[in-house]
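Residues in the sequence shown are numbered consecutively from 958, following this note's numbering.
Idealized CB from N, CA, C, for every residue including glycine.
None of the values given here were measured: they were computed from a predicted structure.
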Amino acid sequence: HRLARRERTQAIMQRLDHSMIFVLIAGSYTPVCLLGLPTSWGIPLLCVVWSFAAVGILVKQFAFERFKVLEYSLYPILGWILVVAAPALLRNMTPVELSLLLAGGLLYTIGIPVLVRERPDPWPRTFGYHEIWHGFTVAAGACHFATMGLLIRG
958 HRLARRERTQ AIMQRLDHSM IFVLIAGSYT PVCLLGLPTS WGIPLLCVVW SFAAVGILVK
1018 QFAFERFKVL EYSLYPILGW ILVVAAPALL RNMTPVELSL LLAGGLLYTI GIPVLVRERP
1078 DPWPRTFGYH EIWHGFTVAA GACHFATMGL LIRG
C-alpha cells in the first residue's frame, strides 16, 4: 500500500493489508485447532475464530477509520481466545509446541503497543517504529511456523 500512487488506491490497499491480519490469525489457528486439539474443542474454536476474523475484515472494509480501538482490540482478543482451550492444549501438544505457540503470541502482543504508540522510533526515515513492529511480527510468525511444522510432522 505504500507504493500506491493514488490516494484512493493506497486506502484500498491499506484496508486489504489490515484485513489480511485477521486472515493470518485465523489461518494460524487452523492447524492448531485441527491437529493440536481434540475435535470436540478444535472444530468449535475454529468456527469462532474464523467468524471473528470475518467480523474484523468487515469492520476494516466498511468502517476503516471509525473503530480504531475496536480494531486494535480485536487482534489480541482473537489471538488469545485460544486460552479457553488451555487444558486441552496442555494434554494434546508437546512442551516445545506449546512454548513456540506461546512465544509467538507474546511477540505479536508485545508488538502492538509499538505500532499503536508509534514508539520507539529510532531512525524514522530508515528504521522506525513500523519496522520494529514488523520485526516482532516476523519473529512471532517464525515461532508459529515452527509450531505448525511440528504439529504437521506429528
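Using only the alpha-carbon positions, how far apart do residue i and residue j sit?
i: R1048; j: C990; result: 13 angstroms
i: I1069; j: F1093; result: 9 angstroms
i: M1105; j: E964; result: 38 angstroms
i: F1024; j: G1098; result: 26 angstroms
i: L992; j: I1067; result: 27 angstroms
i: A1010; j: L1058; result: 19 angstroms
i: Q971; j: Y1086; result: 17 angstroms
i: A1096; j: R962; result: 31 angstroms
i: T1051; j: E1022; result: 41 angstroms
i: E1028; j: K1017; result: 8 angstroms
i: A1020; j: I969; result: 12 angstroms
i: H975; j: W998; result: 28 angstroms
i: P1044; j: S1008; result: 23 angstroms
i: P1081; j: A1060; result: 28 angstroms
i: D1078; j: L1015; result: 31 angstroms
i: A1103; j: G1062; result: 13 angstroms
i: R1076; j: S1030; result: 18 angstroms
i: Q967; j: L960; result: 8 angstroms
i: T1083; j: T996; result: 47 angstroms
i: I1109; j: I1000; result: 17 angstroms
Comparing C-alpha positions only, which one of the options sits nearest to residue i?
i: L1107; options: R963, L1055, E1088; result: L1055
i: G984; options: W1090, E1022, V1005, A1060; result: V1005
i: L1064; options: V1073, W1090, M1050; result: W1090
i: L973; options: R962, T996, Y986, G1013; result: G1013
i: L1046; options: V1073, F1019, P988; result: P988
i: H1101; options: P1077, F1084, G999, V1053; result: V1053
i: L1072; options: I1109, Y1032, G1111, V1040; result: Y1032
i: V1040; options: D1078, Y986, R1074, A1103; result: Y986
i: V1026; options: G1111, R1110, R1074, A1103; result: R1074
i: G1111; options: S1030, L994, T966; result: L994
Within the present structure, is the beta-carbon of residue i separated from the nearest heavy atom of the ligand SAH by less than 7 angstroms?
i: L1057; result: Within the structure as shown, the ligand SAH is missing, as the structure has no ligands at all.
What do you reckon, are the CB atoms on residue i and residue j nearer than 8 angstroms?
i: L1002; j: A1042; result: yes
Touching by the beta-carbon criterion (3+ pairs, under 8 angstroms), the region 971-979 and the region 1036-1044: no
Identify every run of the alpha helix (DSSP H) within the region 961-1048, keeping only runs that are complete inside it and at least 4 residues long; order them along the chain. 964-992, 996-1019, 1025-1037
With a floor of 4 residues, list each alpha helix (DSSP H) that falls wholly inside the region 1057-1090, ordered by position along the chain. none
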